[in-house]
Amino acid sequence: MSEQTVSDEVSGVEIELDHVTKRYSGTRAPAVDDFSMVVPAGKIVVFVGPSGCGKTTTMRMINRLIEPSSGRITIGGDDALKLDVDTLRRRIGYAIQQAGLFPHFTVAQNIGVVPGLLGWDKKRVTSRVEEMMDLVGLDPADFRDRYPRQLSGGQQQRVGVARALAADPPVLLMDEPFGAVDPITRGNLQDELLRLQTDLKKTIVFVTHDFDEAVKLGDRIAVLGNQSKILQYDTPESILANPADDTVAGFVGAGASLKQLTLMRVRDVELEQDALTITADESPAAVREKLTTQRKQFALVLDQRRRPVRWVHVRELANASSVSSVGKPLRDVVSVQSTLQDALEAMLAEGGSVPVTGSRGEYAGTIKLDTVISTIQQIRDEHADDATADAADEGAPA
Ligand SMILES: Nc1ncnc2c1ncn2[C@@H]1O[C@H](COP(=O)(O)OP(=O)(O)OP(=O)(O)O)[C@@H](O)[C@H]1O
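Each residue of the sequence shown is one higher than the last, beginning at 1 in UniProt numbering.
Spelled out as structure tokens, the structure:
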């Protein structure tokens, strides 16, 4: 009856690969050699590595599209190699590059394939198909009866994801699912996957060539070398801050520190509270006096709801009739939800520290360049602790 209990509460289960090896017949070296890994329940783990290193082979052994030569694989504690293949695959959604849709099936038929195989009645399949189309942002009225060739690449990928999710499997395998679309569509599809995952909390194994995609999507990244050798398996933050070796560093590429800024939010850092805030009804003379006393040049004007509006310079106040007639309106305000990357961009545009707003737009403090720089330094130091400790042990005088 387990197939009947497909419902919202299904979330991911742990996957474990234990000393898994694959030798293709007629080849000398194994394509995957002694691979062991735990993929935590409800997380996205991204396999990234050069072409031919064994990413796809490793992934496909999980749903036994490729049978391992040796080793053990468990899905939610069940031995995947002992399960009936059909039962196993019902627990595992699978999405691939160029969607792999059946060309002679409509969108609705493609999405309904697995529920149909599971013997769901027609009404239930239809309603599930519509639910899935809504989930991935395709209007059922417009798209359900189209054929794959009548869709853009991005729409095809959405159908591919909808089909993989249709039977609500706890596990999703995604093999370069966004590889064949333009960068903007790709970014949108990535955002959508992250949004879906917030609710669904599936266990997702995702294969890509693209390290930036891995950083964006992965709760953890496995950087793989030849024969699927695990070069590093860690959070994006740790890999960016402290690549295990030169090969991983090569994969991380230039600008690792800047990439870290997309992983951190303004709410993660301490804001400055030293700006002088004023309201528009204060007299210019009074504000000038405050600025002079506090040895500051700028005051930040807040509206009645304490939302930041403009910066006013002390010089502008000398001849001003009111505070609201002078100053420079804010072009860029960042919120506590913004990434440090957004904050940095705003600083570069504003030329200094920028005001930060809370969840209702109210002033929460300012963030300045030094904070961003010291945050990067701090992440590096934290992740380098082990390495530094080792080096100190070796190098310390007796
Ligand atoms: N059916 C097969 N028979 C023999 N060798 C194979 C077979 N399939 C794959 N291989 C080999 O196994 C190795 C790993 O291939 P795999 O497709 O898993 O790599 P990958 O990392 O996914 O590559 P890519 O990123 O290019 O898709 C490669 O050397 C490949 O040539």
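Even glycine gets a Cβ: it sits at the ideal position worked out from N, Cα and C.
- In this structure, R307 sits near T357, with a CB-CB distance shorter than 8 Å.
- In this structure, the straight-line span from the alpha carbon of H209 to that of P243 is close to 17 Å.
- Only buried fits G49, as 16 or more other CB atoms lie within 10 angstroms of its CB.
- The DSSP-derived three-state label of S70 is strand.
- For V312, the uninterrupted beta strand (DSSP E) run begins and ends at 308-313, by DSSP.
- The Cβ neighbour count for R220, taken over all protein chains shown within 10 Å, is at least 16; the residue is labelled buried.
- With at least 16 other beta carbons inside 10 angstroms of its own, T371 counts as buried.
- Annotation for G116 indicates a beta carbon at 7 Å or more from all heavy atoms of ligand 1.
- With a cut-off of 7 Å, the C-beta of Y94 is classified as distant from ligand 1, since no heavy atom of the ligand falls inside that distance.
- DSSP lists V45 as the beta-bridge partner residues of R220.
- About 6 Å separates the Cβ atoms of Q297 and H313, confirming a contact at the 8 Å cut-off.
- When the five nearest sequence neighbours on each side are left out, the beta carbons in the same chain lying within less than 6 Å of the beta carbon of S228 are those of V32, F35, G54, T58, in order along the chain.
- If you look at A241, you'll find it in the alpha helix (DSSP H) that goes 236-241.
- F251 and A222 have their C-alpha atoms some 12 Å from each other.
- If the five residues before and after R288 are omitted, its C-beta is found closer than 8 Å to the C-beta atoms of V314, L317, A318, all from its own chain and listed in chain order.
- For K122, the enclosing alpha helix (DSSP H) begins and ends at 122-135.
- Classified as buried, E213 has 16 or more neighbouring CB atoms from the shown chains inside 10 Å of its CB.
- For A299, the uninterrupted beta strand (DSSP E) segment begins and ends at 298-302.
- In this structure, DSSP gives T106 a state outside helix and strand, which the three-state scheme calls coil.
- It is roughly 13 Å from the alpha-carbon of N226 to the alpha-carbon of K22.
- In this structure, G76 and P169 do not form a Cβ contact; the two beta carbons are roughly 11 Å apart against a cut-off of 8 Å.
- Residue pairing by DSSP puts G93 in a beta bridge opposite L172.
- Pairing F47 with V266 gives a Cβ-Cβ distance that is not under 8 Å.
- Just so you know, the alpha carbons of L83 and R360 end up roughly 52 Å apart.
- Rounded to whole angstroms, the gap between the alpha carbons of P103 and Y147 is 7 Å.
- Boundaries of the beta strand (DSSP E) harbouring P355: 354-357, taken from the DSSP string.
- Closer than 7 Å to some heavy atom of ligand 1: that describes the Cβ of A31.
- A direct Cα-Cα distance of roughly 20 Å separates T198 from V207.
- Cβ neighbours of R310 within its own chain (closer than 7 Å, five residues either side excluded): V301, G327, K328, P329, L330.
- Within the same chain, Cβ atoms closer than 8 Å to the Cβ of I278 are found at V287, K290, A299, L300, V301, L302, V312, V323, the five residues on either side in sequence being excluded.
- The closest CA to that of K216, considering only I230, D191, G160, is found on D191.
- Boundaries of the beta strand (DSSP E) around G365: 363-367.
- When the Cα atoms are used, V13 and V171 turn out to be separated by approximately 7 Å.
- Excluding residues up to 5 positions away in sequence, L300, P308, L330, V333, Y363, T366 lie with their Cβ nearer than 7 Å to the Cβ of P355 in the same chain.
- Distances between the C-beta of Y233 and the heavy atoms of ligand 1 are all 7 Å or more.
- When the beta-carbon positions are compared, G154 and T203 stay at least 8 Å from each other.
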